[in-house]
Amino acid sequence: MCQSPDTRVLVVEDDARLRDLLIDMLAAYGLTQVTGVSSVRDATSAIRVCQPDVILLDLWLPDSRGCTTIHRLKAMTKWAAIVVLTGMPETWLRQDCIDAGAYAFLRKGEVTLSTVIETLLMGAETYAIGRRILQHAS
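One point on numbering: in the numbering used here, the residue at position 79 of the sequence shown is 80, and numbering is uninterrupted.
Take a look at the structure:
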């Protein structure tokens, strides 16, 4: 897997302490282009500005809940991988999120930070390959 400090990451998490911790850990790993926001409204603005390669998304936000959140973000950026990181316990939610367009589904408390980082980088790389293939085909 390619580790690139140029990978643009958008963290959408309303828990400020967790959001700041994730941003700090991603920076410590070497990812220098990380933006954090607390709502889908703020994510909309951030997507326009930072054009993320990958979005780390909590599903339970002040202005959006569940798979609707994925649909809203996918409508704004089809070329960013969305990695869901949620504490929601429902077992059916994983498949619903993937069906809605999420690249991956991770449950808070069940994954390590290194798993989160690896999943973000793999998602960004997978979507970058898809963009290059489409660019060469046209």
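Cβ atoms here follow ideal geometry from the backbone N, Cα and C, with glycine treated the same way.
Could you spell out the range, first to last residue, of the alpha helix (DSSP H) harbouring residue i?
i, result
"Q136", "114-138"
"A145", "This structure leaves residue 145 out entirely; the chain is present only between 2 and 139."
"L22", "17-30"
Measure the alpha-carbon distance for residue i versus residue j and round it to whole angstroms.
i, j, result
"V50", "G37", "12 angstroms"
"D64", "T120", "26 angstroms"
"Y1", "S39", "Nothing can be reported for residue 1, as the shown portion of the chain is limited to 2 through 139."
"W80", "R132", "7 angstroms"
"V117", "M123", "10 angstroms"
"I71", "L57", "11 angstroms"
"Y104", "L114", "17 angstroms"
"T45", "V55", "14 angstroms"
"L19", "L94", "22 angstroms"
"E14", "K109", "12 angstroms"
"C3", "P90", "For C3, the predicted model reports a pLDDT of 42, less than 50, meaning its position is unreliable; a value from the coordinates is still stated below. Answer to the nearest angstrom: the Cα atoms are 32 angstroms apart."
"G88", "T8", "25 angstroms"
"V84", "F106", "6 angstroms"
"E111", "L74", "25 angstroms"
Where do the N-terminal and C-terminal ends of the beta strand (DSSP E) with residue i fall, by residue?
i, result
"A82", "82-87"
"L60", "Run containing L60: none; DSSP gives neither H nor E here."
In the structure shown, what three-state DSSP assignment does residue i receive?
i, result
"T78", "coil"
"Y45", "Note that residue 45 is Thr in the sequence shown, not Tyr. Helix at T45."
"T36", "strand"
Which residue or residues does DSSP assign as beta-bridge partners of residue i?
i, result
"V13", "V38, L58"
"G108", "The displayed chain sequence assigns Arg, not Gly, to residue 108. DSSP, once it has assigned bridges, lists T87 as partnering R108."
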